[in-house]
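Participant: Residue numbers (the working numbering): 1 to 238. Every residue gets a Cβ at the ideal spot worked out from N, C-alpha and C, and that includes glycine. Please find one structure pasted underneath; my questions will follow.
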Amino acid sequence: MEYAIQATDLSKSYGQGHTQVDALKGVNMTVRPGELFAIMGPSGSGKTTLLMILGLVTEPSEGRVLLEGQNIYNGTGLDLQRLRREKIGFIFQFSNLIPFLTAKENVLLSLELIGIFGRQADARAMELLEYLEVADRAGNLPEHLSGGERQRVAVARALANNPAIILADEPTAALDTERGLSVMRLLRKVSKEQGTAILVVTHDTRMISEVDGVIRLMDGRMVESDGSKQQSQPQSSR
Ligand SMILES: Nc1ncnc2c1ncn2[C@@H]1O[C@H](COP(=O)(O)OP(=O)(O)O)[C@@H](O)[C@H]1O
Ligand SMILES: [Mg+2]
1 MEYAIQATDL SKSYGQGHTQ VDALKGVNMT VRPGELFAIM GPSGSGKTTL LMILGLVTEP
61 SEGRVLLEGQ NIYNGTGLDL QRLRREKIGF IFQFSNLIPF LTAKENVLLS LELIGIFGRQ
121 ADARAMELLE YLEVADRAGN LPEHLSGGER QRVAVARALA NNPAIILADE PTAALDTERG
181 LSVMRLLRKV SKEQGTAILV VTHDTRMISE VDGVIRLMDG RMVESDGSKQ QSQPQSSR
């Protein structure tokens, strides 16, 4: 399998008639296993929409998405909820941890969703927290974690299902530069060591040093950027 994600001619419009918003206008992109890409662009340029389509949350208006080679939309009738649970991990700007559960319990909850319980779940949760260097915070409630620690727990939770793809929407926006960079470095480690394809929306150009390439969006289109770290454009099928 060559690509984790292959998106071709993706378009998405919300609403219709004179209130129609064209959020994406023909986006082409590919991500291989183990690659970490940043998605950048001004507010309203379509970044979240792109993540939601790749995350099997929102259907595109036009175009095609192959997830590990499998055609996802276009009336394939696939069980998207199941596929999402099995293959995708999400990380949000604010960690979205459940406030009344400890760090470890938050990870356990994700393991339960994929049918892992008991001692096995316990061991796996601790292994994930160790991997994200927050094992010593396992028993803390989110309010007793720093912002950076919360995001590390959120990454651990996103890894629970051993996903093919991790989608992160501005995961470092609420962190200072040092903590933001440390989260990006962990995402880089995950991508390289686990072979996970990772897409991270970020506004922070300081994070670029950690990524394999940048996908730049402007008004729903991919735009060229200077430098060598440019997403290569696959051939359109049309
Ligand atoms: N559910 C929605 N309904 C209508 N318009 C939407 C919806 N989601 C996003 N949009 C519009 O689509 C455009 C792209 O939004 P979005 O993907 O959230 O961009 P970004 O994440 O880059 O800020 C914006 O003009 C936004 O207002
Ligand atoms: Mg957004």
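Short check: CB of L111 to CB of R119, under 9 Å?
Facilitator: no
Participant: Alpha carbon to alpha carbon, how far is L36 from V223? Give it in angstroms, no decimals.
Facilitator: Linking V223 to L36 through their CA atoms gives a straight-line distance of about 19 Å.
Participant: Quick one: give me the first and last residue of the alpha helix (DSSP H) that Y131 is part of.
Facilitator: G118 to Y131
Participant: Can you give me the C-alpha to C-alpha distance between M52 and N106, rounded to a whole angstrom?
Facilitator: Distance between the alpha carbons of M52 and N106 is about 23 Å.
Participant: Let me check understanding here. Comparing Cα to Cα, which of L109, L67, P142 and R185 lies closest to A160?
Facilitator: Answer by Cα proximity: L109.
Participant: Whose C-beta lies closer than 6 Å to the C-beta of A173 among residues of the same chain, with five residues either side of it excluded?
Facilitator: Q93
Participant: Is T19 near ligand 2, judged by its Cβ being under 8 Å from some heavy atom?
Facilitator: In this structure, T19 has its CB at a distance of at least 8 Å from all heavy atoms of ligand 2.
Participant: In the region 184-229, which residue ranges form an unbroken beta strand (DSSP E) of at least 3 residues, counting only runs that do not cross its ends?
Facilitator: 197-201 and 213-218
Participant: Tell me whether the beta-carbon of I88 lies closer than 9 Å to the beta-carbon of I166.
Facilitator: yes
Participant: Judging by CA-CA distance, which residue of M126, E210 and N28 is the nearest neighbour of G220?
Facilitator: N28
Participant: Closer than 8 Å by C-beta to M126: which residues in its own chain qualify, once you throw out the five before and the five after it? Chain order, please.
Facilitator: Sequence-distant Cβ neighbours of M126 in its own chain, meaning closer than 8 Å and more than five residues away, are K104, A135 and A138.
Participant: D204: beta carbon under 8 Å from a heavy atom of ligand 2?
Facilitator: no
Participant: To the nearest angstrom, report how far apart G180 and A7 are at their CA atoms.
Facilitator: 28 Å
Participant: Helix, strand or coil, according to DSSP, for L239 in the structure here?
Facilitator: In the structure displayed, the chain extends from 1 to 238; residue 239 sits before or after that span and is not available.
Participant: Taking the straight line between their C-alpha atoms, what separation do you get for S146 and H18?
Facilitator: 45 Å
Participant: How long is the line joining the alpha carbons of V201 and L187, rounded to whole angstroms?
Facilitator: 12 Å
Participant: If you count every other CB in all the chains shown that lies within 10 Å of the CB of S236, and 16 or more means buried, which is it?
Facilitator: Per-residue confidence for S236 stands at a pLDDT of 45, beneath the threshold of 50, marking its modelled position as unreliable; the derived number appears in the next sentence. It is exposed - the Cβ of S236 has fewer than 16 other Cβ atoms within 10 Å.
Participant: Considering only their Cβ atoms, is the gap separating G55 from K47 smaller than 9 Å?
Facilitator: no
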